[in-house]
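Going by the UniProt record's numbering, the sequence shown opens with residue 1, and the numbers climb by one from there.
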Amino acid sequence: MDLRSLQYFAAVFEQHSFSAAAKTCYVAQPSISSAVAQLEQDLNTTLFNRHARGVTPTDSGEKLYPLAKQLLGQADAIKTVFTEHGNKQAFNLGVTKGLGVKRMSALLKDFTSAEEQMELTLVPHTEPCDARIIIKEELKEQETHWSLWQEDYLLALPYNHVLSLQDSIKLRDLDGLPFIQRTPCTEWDTLSDALTLEGISVDTRAKIQTIDYALGLVQAGLGCALVPAHPEIISKTDVVFKPIEGLRLMRETVLAYSQPSDIINTLLQLVLKHRQ
């Protein structure tokens, strides 16, 4: 039994699939299958029940998983103890707000795994840094940038709001509508200008910086909010999301930097992978 086999077993357990585990571990599926089969042979037990939709752990698999995670965690801790802190290269990454915790965490996990000798520090995107993940409108003139994600803005409404019955929202529907204004929001000015041209005004009930707080107030019925439609947001079932007719409201998230480096090249390759 070796640590790699336990790592592959844990990946299959968490992903419920040999193929998904192979993608997570960046290896071919036969390597995952072979390692798990060898582990089953060493322990003289069956760890997974295989079926058409993936796998489910057996009682033995359920028993092994917390032990494997503990052992893998201890192995990582040992590596950390004997890694010379002074040999690590500091890398400050500026990150703007509201990009989505889940997908940013996935990107940063891959980034830190690929650059083991890097000491990553996340800082506000307005501070001095080696690279930035920002909204395109936040770019500086001298920065090189690569597109990461593009997404439209949608109107978030309480699930029981009368407008939630419509397929889309017209500008005139917003007249007098209680609104949660999220600041900063790159597309708020676009919406505000369109409303002004039509002689429409909204009833701003609160100004909030984070998307999560804005959605919490929408869910509580305080008003509606303009939010970017990335998967982590629109998967929420307690809020309804509708497009606004006649307006193309969208944002583009980019990786920006002024000076190239080997670490930035690694981050760029991962950015290209994660935008697929």
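Glycine residues also receive a C-beta, built at the ideal position from the N, C-alpha and C atoms. From a predicted model like this one, the values you see are computed outputs, not experimental measurements.
Item checked: Option nearest PRO184 by Cα separation, candidates GLU143, GLN209, ILE133, LYS79 -> Taking the first residue of the sequence shown as position 1, residue 184 is located at position 184. Ranking the options by Cα distance to PRO184, first place goes to GLN209.
Next item on the list: Using a threshold of 9 Å, state whether the C-beta atoms of LEU272 and PHE111 are closer than that.
Entry: Position 272 of the sequence shown, counting from 1, holds the residue named residue 272. Position 111 of the sequence shown, counting from 1, holds the residue named residue 111. No, the Cβ-Cβ distance between LEU272 and PHE111 is not below 9 Å.
Next item on the list: Please say whether ILE263 and residue 277 have beta carbons closer to each other than 9 Å?
Entry: There is no way to answer for residue 277, as the model of the chain reaches only from 1 to 276.
Next item on the list: State the Cα-Cα distance for the pair GLN41 and ALA229, rounded to the nearest angstrom.
Entry: Taking the sequence shown and counting its residues from 1, the one referred to as residue 41 is at position 41. Taking the sequence shown and counting its residues from 1, the one referred to as residue 229 is at position 229. Answer to the nearest angstrom: the Cα atoms are 47 Å apart.
Notebook entry, point to check: Can you check whether the CB of THR204 is closer than 9 Å to the CB of PHE179?
Noted result: Against the sequence shown, residue 179 aligns to sequence position 179. Against the sequence shown, residue 204 aligns to sequence position 204. Against a cut-off of 9 Å, the Cβ pair of THR204 and PHE179 comes out as a contact.
Next item on the list: Measure from the alpha carbon of LEU174 to the alpha carbon of each residue in ASN160, LEU191, LEU165, then state which is nearest.
Entry: If you number the sequence shown from 1, residue 174 lands on position 174. Comparing Cα-Cα distances from LEU174 to each of ASN160, LEU191, LEU165, the minimum goes to LEU191.
Checklist line | Residue range of the beta strand (DSSP E) that includes MET118 | finding: As a position in the sequence shown, residue 118 is number 118, starting the count at 1. Taken as a continuous stretch (DSSP letters only), the beta strand (DSSP E) holding MET118 covers 118–124.
Next item on the list: Just the C-alpha distance for ARG50 and PRO57, rounded to the nearest angstrom, thanks.
Entry: Walking along the sequence shown from the start, residue 50 turns up at place 50. Walking along the sequence shown from the start, residue 57 turns up at place 57. Their Cα atoms are separated by approximately 9 Å.
Notebook entry, point to check: Where in the stretch 191–262 do unbroken runs of the alpha helix (DSSP H), each at least 4 residues long, occur, reported from the N-terminal end onward?
Noted result: 211–219, 231–234
Item checked: For ARG182: DSSP bridge partner residues -> Taking the sequence shown and counting its residues from 1, the one referred to as residue 182 is at position 182. In the DSSP output, where bridge partners are listed per residue, ARG182 has ILE208.
Next item on the list: State whether the stretch 149–156 contacts the stretch 206–225, with contact taken as three or more CB pairs (one from each stretch) at a distance under 8 Å.
Entry: yes
Checklist line | LEU148 at chain B interface by Cβ criterion, 9 Å | finding: Going by chain labels, chain B is absent from the structure shown, which holds only one protein chain.
Notebook entry, point to check: Excluding sequence positions up to five away, which residues of its chain have a Cβ less than 8 Å from the Cβ of ASN172?
Noted result: In the sequence shown, the residue the question calls residue 172 occupies position 172. Correcting the residue identity first, residue 172 is Arg in this sequence and not Asn. So the list reads GLU198, ILE200, once near-sequence residues are dropped.
Notebook entry, point to check: Taking the continuous alpha helix (DSSP H) assigned at ARG132, which residues delimit it?
Noted result: The residue you call residue 132 lines up with position 132 of the sequence shown. It is not in any alpha helix (DSSP H) - ARG132 instead sits in the beta strand (DSSP E) that spans 131–135.
Notebook entry, point to check: Under a Cβ-count criterion, where at least 16 other Cβ atoms within 10 Å of its own Cβ denotes burial, should ALA28 be classed as buried or exposed?
Noted result: Indexing the sequence shown from 1 puts residue 28 at position 28. Exposed, by the Cβ-count rule.
Margin query: Could you compute how far the alpha carbon of ASP189 sits from the alpha carbon of SER33?
Written below: In the sequence shown, counting from the first residue as 1, residue 189 sits at position 189. In the sequence shown, counting from the first residue as 1, residue 33 sits at position 33. ASP189 and SER33: Cα-Cα distance of roughly 53 Å.
Next item on the list: Leaving out five residues on either side along the sequence, give the residues of the same chain with a beta carbon under 8 Å from the beta carbon of GLU187.
Entry: As a position in the sequence shown, residue 187 is number 187, starting the count at 1. Answer for GLU187: TYR153, LEU226, LEU249, MET250, ARG251, listed in chain order.
Margin query: What does DSSP give as the partner residue(s) for ASN30 in the beta ladder?
Written below: For the purposes of this step, residue 30 is taken as residue 30 along the sequence shown, with counting starting at 1. According to the sequence shown, residue 30 is Pro rather than Asn. Per DSSP, none; premise fails for PRO30.
Check: Relative to the alpha-carbon of GLY176, which residue among GLN166, GLY246, VAL162, VAL202 has its alpha-carbon at the smallest distance?
Finding: As a first step, residue 176 must be located in the sequence shown, where it is residue number 176. Checked all of GLN166, GLY246, VAL162, VAL202; the closest Cα to GLY176 is VAL202.
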